[in-house]
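**Q** Protein sequence lines, in the order shown, are assigned to chains A and B. Using the working numbering, the letters of the first sequence correspond one by one to residues 1 to 351. Using the working numbering, the letters of the second sequence correspond one by one to residues 352 to 702. Note that CB positions come from ideal geometry on N, CA and C, so glycine has one too.
Protein chains: 2
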Amino acid sequence: MRRWSGDYEREAVMRGAVIHGPGDVRIEERPEPGIVEAGDAVIRVVATCVCGSDLWSYRGIDQVRRPRPMGHEYVGVVEEVGKQVASVRPGQFVVGSFFASDNTCPVCRAGYQSACQNRVHMGECQAERIRVPMADGTLVATPEQPAAELVPSLLAVSDVMGTGWYAAVAAEVRPGATVAVVGDGAVGLCGVLAARELGAERIIAMSRHEPRQRLAREFGATDVVAERGDEGVARVKELTGGVGADCVLECVGTDESMRQALRSTRPGGNIGFVGLPHKVDIPGKELFASLIALRGGPAPVRRFLPDLITRVFDGRIDPGRVFDMTLPLAEVAEAYRAMDERRAVKVLLQP
Amino acid sequence: MRRWSGDYEREAVMRGAVIHGPGDVRIEERPEPGIVEAGDAVIRVVATCVCGSDLWSYRGIDQVRRPRPMGHEYVGVVEEVGKQVASVRPGQFVVGSFFASDNTCPVCRAGYQSACQNRVHMGECQAERIRVPMADGTLVATPEQPAAELVPSLLAVSDVMGTGWYAAVAAEVRPGATVAVVGDGAVGLCGVLAARELGAERIIAMSRHEPRQRLAREFGATDVVAERGDEGVARVKELTGGVGADCVLECVGTDESMRQALRSTRPGGNIGFVGLPHKVDIPGKELFASLIALRGGPAPVRRFLPDLITRVFDGRIDPGRVFDMTLPLAEVAEAYRAMDERRAVKVLLQP
Numbered sequence: 001m002r003r004w005s006g007d008y009e010r011e012a013v014m015r016g017a018v019i020h021g022p023g024d025v026r027i028e029e030r031p032e033p034g035i036v037e038a039g040d041a042v043i044r045v046v047a048t049c050v051c052g053s054d055l056w057s058y059r060g061i062d063q064v065r066r067p068r069p070m071g072h073e074y075v076g077v078v079e080e081v082g083k084q085v086a087s088v089r090p091g092q093f094v095v096g097s098f099f100a101s102d103n104t105c106p107v108c109r110a111g112y113q114s115a116c117q118n119r120v121h122m123g124e125c126q127a128e129r130i131r132v133p134m135a136d137g138t139l140v141a142t143p144e145q146p147a148a149e150l151v152p153s154l155l156a157v158s159d160v161m162g163t164g165w166y167a168a169v170a171a172e173v174r175p176g177a178t179v180a181v182v183g184d185g186a187v188g189l190c191g192v193l194a195a196r197e198l199g200a201e202r203i204i205a206m207s208r209h210e211p212r213q214r215l216a217r218e219f220g221a222t223d224v225v226a227e228r229g230d231e232g233v234a235r236v237k238e239l240t241g242g243v244g245a246d247c248v249l250e251c252v253g254t255d256e257s258m259r260q261a262l263r264s265t266r267p268g269g270n271i272g273f274v275g276l277p278h279k280v281d282i283p284g285k286e287l288f289a290s291l292i293a294l295r296g297g298p299a300p301v302r303r304f305l306p307d308l309i310t311r312v313f314d315g316r317i318d319p320g321r322v323f324d325m326t327l328p329l330a331e332v333a334e335a336y337r338a339m340d341e342r343r344a345v346k347v348l349l350q351p
Numbered sequence: 352m353r354r355w356s357g358d359y360e361r362e363a364v365m366r367g368a369v370i371h372g373p374g375d376v377r378i379e380e381r382p383e384p385g386i387v388e389a390g391d392a393v394i395r396v397v398a399t400c401v402c403g404s405d406l407w408s409y410r411g412i413d414q415v416r417r418p419r420p421m422g423h424e425y426v427g428v429v430e431e432v433g434k435q436v437a438s439v440r441p442g443q444f445v446v447g448s449f450f451a452s453d454n455t456c457p458v459c460r461a462g463y464q465s466a467c468q469n470r471v472h473m474g475e476c477q478a479e480r481i482r483v484p485m486a487d488g489t490l491v492a493t494p495e496q497p498a499a500e501l502v503p504s505l506l507a508v509s510d511v512m513g514t515g516w517y518a519a520v521a522a523e524v525r526p527g528a529t530v531a532v533v534g535d536g537a538v539g540l541c542g543v544l545a546a547r548e549l550g551a552e553r554i555i556a557m558s559r560h561e562p563r564q565r566l567a568r569e570f571g572a573t574d575v576v577a578e579r580g581d582e583g584v585a586r587v588k589e590l591t592g593g594v595g596a597d598c599v600l601e602c603v604g605t606d607e608s609m610r611q612a613l614r615s616t617r618p619g620g621n622i623g624f625v626g627l628p629h630k631v632d633i634p635g636k637e638l639f640a641s642l643i644a645l646r647g648g649p650a651p652v653r654r655f656l657p658d659l660i661t662r663v664f665d666g667r668i669d670p671g672r673v674f675d676m677t678l679p680l681a682e683v684a685e686a687y688r689a690m691d692e693r694r695a696v697k698v699l700l701q702p
């Protein structure tokens, strides 16, 4: 640990977000992170943000038993590395994701770093500095220091864009495919963008909110369906000659959205589901009869980082547009409130 | 309809199997089938058989409300075709499958003929003759009249081998993959054979029955696991360095077998499930956390027929070995009894 020297030695501190209970997120002083293991890096956070999944605790749906730090999305500049770290060095701008991974175990090698045998959840990222374990397996350095206007897109890559991309890959979106996207949150919007990049010919965004519909269209949606449930399914069927979409991205995570996805997919199509399921059971007989393939889970963002960073630097994708509010980290409480009250899709925080 | 002429005109008849209730399958006279639609073919059945799924009715698990014909597996010789039929002609030996399909609708073109928009279930095939609708989309002629010893393998292709093949394709078996097969019935055994043909490096057959274990090894299994449930999962994990199999073929269709499959697959692996699920619900949260892809359903056998027929003629596969009893069609009652009592894995019937 780096320490300040003074009249008496005291632990160095920095500021970070801490949740105390439903509706109660505060900015507080916390111990300055330092190198613990030889594979660690410490990074100065340049941008972080609030995730839809953070709201589960904020709304009291997931219990908060004791105060704990928040945040799992981050980009920043490396300040210090452990002596085994070889792939990143101090001064580099890096992107990581919500799981630290070794990137060498059999599961990582198969491309599923979010299920790495040694994974560590990154749960303290709404802060000025963070420690990243297994830095070689987790972080990817950008080719150069990014211009300020690229930072939001790189931050999006660390979670929502990586997740939308995984949804599209899991749904096996290919050139010429017809794609439907259930959910118009930041992940759903990024799913639209991913489907476009992967060559989908037709992209049906399911959205009831005018500003989100507009962004969906700018990200590549060819059709927008405002209806939900049975009516939504009927509209998708209508738009696809009665057949259903080849690929459906389920970006919500409720029982209703999963059923809507299942019934919007053509027989033998593919669903990628990335909304964390809350009380979702998939009816085996219906899935069987549909011949649909289903793959979901926490996105192995690490697999996609090099490609997505390149796409951002090349100006081919601009997922940072999902951030419709930017606040200093000190105003984290307002960031949660704005998302909770749906005044913002996603809030970027600047430490 | 072709009719016999006599003193009085009477409807032509043939013999076929009819179920009257649990444990009661009889051979009876039934109307001779004829061309009804211009796309039909009538075939003389050379071989048919009893399916594991036929036992659901035989055992009274699926209700039998009134007497009905049985059987959905067949190979035979074309006797007559409707005037629109272009791809098969009288005299040809043909293989079909349990769904007649047009093979032209969008679902068929995507390779899912078992969900054809115009599909017709073939449910009267334990008989001397059958009518096959949409013959052009359903039947595939063999390159020449098959030698007698190839007939069982061609019959297997029409259902169990086509289904085992689909299980392996749905589980995305690729060269070098580690595969586990849950279920040692005819379909599971054919799944082992399919995995070998698709280049799997390691194939773990889960089987407790010595004769089935032997056939599994002859079909390409490199390991046999006799344990079930938690112990079976633990053995598969042990054999795969603690990771789980890349691909799992679920060929049973119970809640227990599905859970066993889920827990035997490595994170991010693939399950192909072809056992008709009876009261199976897939826990969404567990599936999510596993990152496993799941695809199942009634096999689109038609997609695989040309390839599988070629493999049989080339002597590369011999799935007919799953038939361990052959009886004349007249003894269909004994065929059901033998399978019900597990005296036979699968019984071939000769009309």
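Looking only at DSSP bridge pairs, what is GLN464(B) linked to?
**A** The sequence position of residue 464(B) within the second sequence is 113, counting from 1. DSSP, once it has assigned bridges, lists no residue as partnering GLN464(B).
**Q** Any C-beta of chain B sitting closer than 8 angstroms to the C-beta of MET258(A)?
**A** Position 258 of the first sequence holds residue 258(A). Cβ-Cβ to chain B under 8 angstroms: yes for MET258(A).
**Q** Label ARG3(A) either buried or exposed according to how many other C-beta atoms from any shown protein chain fall within 10 Å of its C-beta, with 16 as the threshold for buried.
**A** The residue given as residue 3(A) occupies position 3 in the first sequence. Reliability of the predicted coordinates at ARG3(A) is poor, the pLDDT of 43 falling under 50, and the value obtained from them is presented with this limitation in mind. Label assigned to ARG3(A): exposed.
**Q** Excluding the 5 residues flanking GLY188(A) on each side, which residues of the same chain have their C-beta closer than 6 angstroms to its C-beta?
**A** Position 188 of the first sequence holds residue 188(A). These residues qualify, in order along the chain: VAL181 and CYS251.
**Q** If we ignore side chains and look at the alpha-carbon of each, how far apart do PRO649(B) and PRO628(B) end up?
**A** One-based indexing of the second sequence puts residue 649(B) at position 298. One-based indexing of the second sequence puts residue 628(B) at position 277. Taking the straight line from one Cα to the other gives about 11 angstroms.
**Q** Taking 8 angstroms as the cut-off, decide whether the C-beta atoms of PHE99(A) and GLN113(A) are in contact.
**A** If you number the first sequence from 1, residue 99(A) lands on position 99. If you number the first sequence from 1, residue 113(A) lands on position 113. Yes, Cβ-Cβ distance for PHE99(A) and GLN113(A) is below 8 angstroms.
**Q** Quick one: which unbroken beta strand (DSSP E) runs of 3-plus residues sit fully inside the region 109-158 of chain A? Chain order, please.
**A** Counting only runs of 3 or more, we get 129-132.
**Q** Grab me the residues of GLY176(A)'s own chain with a C-beta within less than 7 angstroms of its C-beta, minus the 5 sequence neighbours each way, in chain order.
**A** As a first step, residue 176(A) must be located in the first sequence, where it is residue number 176. So the list reads GLY199 and GLU201, once near-sequence residues are dropped.
**Q** Ordered along the chain, which non-local residues of its own chain (more than five positions away) have a Cβ less than 6 angstroms from that of PHE304(A)?
**A** Locating residue 304(A) in the first sequence gives position 304, where the first residue counts as 1. Taken in chain order, the residues that qualify are GLY162 and TRP165.
**Q** Among the candidates ALA141(A), ARG342(A) and PRO267(A), whose CA atom is the shortest distance from the CA of SER290(A)?
**A** Residue numbering aside, residue 290(A) sits at position 290 when the first sequence is read from its first letter. Among ALA141(A), ARG342(A) and PRO267(A), the Cα nearest to that of SER290(A) is on PRO267(A).
**Q** Since VAL152(A) contacts PHE323(A) with CB under 8 angstroms, what's their CB separation in whole angstroms?
**A** As a position in the first sequence, residue 152(A) is number 152, starting the count at 1. As a position in the first sequence, residue 323(A) is number 323, starting the count at 1. The question names Val, but residue 152(A) in the sequence shown is Pro. Contact holds; Cβ gap of about 5 angstroms.
**Q** Evaluate the contact criterion for the region 202-210 of chain A versus the region 133-143 of chain A: three or more CB pairs, one atom per stretch, below 8 angstroms.
**A** The answer is no - the region 133-143 of chain A does not touch the region 202-210 of chain A, with fewer than three Cβ pairs under 8 angstroms.
**Q** So, is the C-beta of PHE655(B) closer than 8 angstroms to a C-beta in chain A?
**A** By 1-based counting over the second sequence, the position of residue 655(B) is 304. So, not an interface residue.
**Q** State the beta-bridge partners of GLU231(A) as determined by DSSP.
**A** Indexing the first sequence from 1 puts residue 231(A) at position 231. Answer is none; GLU231(A) lacks a bridge partner.
**Q** For a test of the three-state rule: what should DSSP assign to GLU706(B), helix, strand or coil?
**A** In the structure as shown, chain B begins at 352 and stops at 702. Residue 706(B) is therefore absent and cannot be evaluated.
**Q** Tell me where the alpha helix (DSSP H) around MET258(A) begins and ends.
**A** Locating residue 258(A) in the first sequence gives position 258, counting from the first residue. Start and end: 255-264.
**Q** Pick from ILE481(B), SER438(B), GLU607(B) and ASP413(B): whose alpha carbon is nearest that of PRO384(B)?
**A** For the purposes of this step, residue 384(B) is identified with residue 33 of the second sequence, where counting begins at 1. For PRO384(B), the nearest C-alpha among the options comes from ILE481(B).
**Q** Given a threshold of 16 other Cβ atoms within 10 Å of its Cβ, counted over all protein chains shown, does ASP597(B) qualify as buried or as exposed?
**A** Locating residue 597(B) in the second sequence gives position 246, counting from the first residue. With 16 or more other Cβ atoms within 10 Å, it is buried.
**Q** If you draw a straight line from the C-alpha of GLY6(A) to the C-alpha of VAL88(A), how long is it?
**A** Within the first sequence, residue 6(A) is the residue found at index 6, counting from 1. Within the first sequence, residue 88(A) is the residue found at index 88, counting from 1. Any reading at GLY6(A) must be qualified, since the residue scores a pLDDT of 44, below 50, and its modelled position is unreliable; the value itself is stated next. Those two C-alpha atoms are separated by around 32 angstroms.
**Q** Looking only at C-alpha atoms, which of ARG174(A), GLU73(A) and ARG109(A) sits nearest to VAL95(A)?
**A** Locating residue 95(A) in the first sequence gives position 95, where the first residue counts as 1. When only C-alpha atoms are compared, the closest one is GLU73(A).
**Q** Are the region 325-335 of chain A and the region 15-35 of chain A in contact at 8 angstroms, needing three or more beta carbon pairs?
**A** Yes, they touch.
**Q** Rounded to a whole number of angstroms, what is the C-alpha to C-alpha distance between GLU569(B) and ARG694(B)?
**A** In the second sequence, residue 569(B) corresponds to position 218, counting from 1. In the second sequence, residue 694(B) corresponds to position 343, counting from 1. Using only the alpha carbons, I get a separation of about 20 angstroms.
**Q** Of all Cβ atoms in chain B, is any one closer than 8 angstroms to the Cβ of ARG235(A)?
**A** Translated into positions along the first sequence, residue 235(A) becomes position 235. Judged by the 8 angstroms Cβ criterion, ARG235(A) is not in contact with chain B.
**Q** Is LEU276(A) close to chain B, meaning its C-beta is less than 8 angstroms from at least one C-beta of that chain?
**A** Locating residue 276(A) in the first sequence gives position 276, counting from the first residue. Chain B, which has a Cβ nearer than 8 angstroms to the Cβ of LEU276(A), makes this yes.
**Q** Look up GLY427(B) in the DSSP assignment and give the residues it is bridged to.
**A** The sequence position of residue 427(B) within the second sequence is 76, counting from 1. VAL396(B) and VAL445(B).
**Q** Can you give me the Cβ contacts of VAL78(A) inside the same chain, cut-off strictly under 7 angstroms, excluding the 5 residues immediately before and after it?
**A** Residue numbering aside, residue 78(A) sits at position 78 when the first sequence is read from its first letter. Taken in chain order, the residues that qualify are ALA41, ILE43, VAL88, ARG89, PRO90, GLY91, GLN92 and VAL94.
**Q** Exposed or buried, what is GLY16(A) when buried is set at 16 or more other beta-carbons lying within 10 Å of its beta-carbon?
**A** Here the question's residue 16(A) lines up with position 16 in the first sequence. The residue in question, GLY16(A), is buried, as its Cβ has 16 or more Cβ neighbours within 10 Å.
**Q** Three-state secondary structure (DSSP) at MET512(B)?
**A** As a working mapping, residue 512(B) is identified with position 161 in the second sequence. Looking at MET512(B) - three-state DSSP - the assignment turns out to be helix.
**Q** Buried or exposed: where does PRO702(B) fall if 16 or more other Cβ atoms within 10 Å of its Cβ makes it buried?
**A** Counting from 1 along the second sequence, the entry for residue 702(B) is found at position 351. With 16 or more Cβ atoms within 10 Å of its Cβ, PRO702(B) is classed as buried.
**Q** Could you spell out the range, first to last residue, of the beta strand (DSSP E) harbouring PHE16(A)?
**A** Within the first sequence, numbered from 1, the residue matching residue 16(A) stands at position 16. Phe is not the amino acid found at residue 16(A); the sequence shown has Gly there. Counting along the chain, the beta strand (DSSP E) containing GLY16(A) begins and ends at 13-21.
**Q** Taking the alpha-carbon positions, what's the GLY604(B) to SER404(B) distance?
**A** As a first step, residue 604(B) is located in the second sequence; it is residue number 253 there, counting from the start. As a first step, residue 404(B) is located in the second sequence; it is residue number 53 there, counting from the start. About 11 angstroms.
**Q** For GLY183(A), which residues of its own chain have a beta-carbon under 6 angstroms away from its beta-carbon, when the five flanking residues on both sides are left out?
**A** In the first sequence, counting from the first residue as 1, residue 183(A) sits at position 183. These residues qualify, in order along the chain: CYS251 and VAL252.
**Q** In the structure shown, what three-state DSSP assignment does GLY647(B) receive?
**A** Counted from its first residue, the second sequence places residue 647(B) at position 296. Note: GLY647(B) maps to strand in three-state DSSP.
**Q** Buried or exposed for VAL345(A), please, with buried defined as at least 16 other CB atoms from any protein chain shown within 10 angstroms of its CB.
**A** The residue you call residue 345(A) lines up with position 345 of the first sequence. The residue is buried, with at least 16 neighbouring Cβ atoms inside 10 Å.
**Q** Check distances from the C-beta atoms of the region 633-658 of chain B to those of chain A and list, in chain order, the residues that come in under 8 angstroms.
**A** Under the 8 angstroms Cβ criterion, the region 633-658 of chain B contributes ILE633, PRO634, GLY635, LYS636, LEU638, PHE639, ALA640, SER641, LEU642, ILE643, ALA644, LEU645, ARG646, GLY647, GLY648, PRO649 and PRO651.
**Q** For PRO618(B), return the contacting residues in chain A, with the cut-off set at a CB-CB distance below 7 angstroms.
**A** Taking the first residue of the second sequence as position 1, residue 618(B) is located at position 267. In chain order: VAL107, TYR112 and ALA115.
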